[in-house]
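Data first, discussion second: the structure below is written as structure tokens.
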Amino acid sequence: MKITGEQIRHIAALARLRFDEDEIESFRAQFERIVEYVEKIDELDLNGVEPTSHAMDRSNAFRDDEVAQSLPQELALANAPRKKDGFIAVPRV
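Going by the working numbering, the first residue of the sequence shown is number 1248, and it counts up by one from there.
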């Protein structure tokens, strides 16, 4: 699949990024190589291969959650620069 500079500019605009023409050409070539690689993977005959979400048969490797006492609210808010109604107040975004 041929990737164009215009497609790279469109993706950059969606991400609100600006690139000069050299960077656009570099990214275009990189995207094109990635798409070619994915197209090669699409050519594989996967009949009889079960879909998997993990390459290895592994169960949860993390420890079980344990209920424990948390910090008291006063201590948790002690170093907050601004507090409001028992919460940390942050600037509106």
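Every residue gets a Cβ at the ideal spot worked out from N, C-alpha and C, and that includes glycine.
- When the Cα atoms are used, H1257 and V1340 turn out to be separated by approximately 26 angstroms.
- DSSP places H1257 inside the alpha helix (DSSP H), whose first and last residues are G1252 to L1261.
- When E1297, E1283 and N1326 are compared, the shortest CA-CA separation from L1318 is found for N1326.
- Exclusion of the five residues before and after M1248 leaves V1282 as the residues of its chain whose Cβ lies within less than 6 angstroms of its Cβ.
- Taking the CA atoms as reference points, E1290 sits about 16 angstroms from R1280.
- Under a 10 Å Cβ-count criterion, I1288 is classified as exposed, with fewer than 16 other Cβ atoms of the shown protein chains found around its own Cβ.
- DSSP links F1334 through a beta bridge to K1331.
- With respect to G1295, E1272 sits apart: the two C-beta atoms are not nearer than 8 angstroms.
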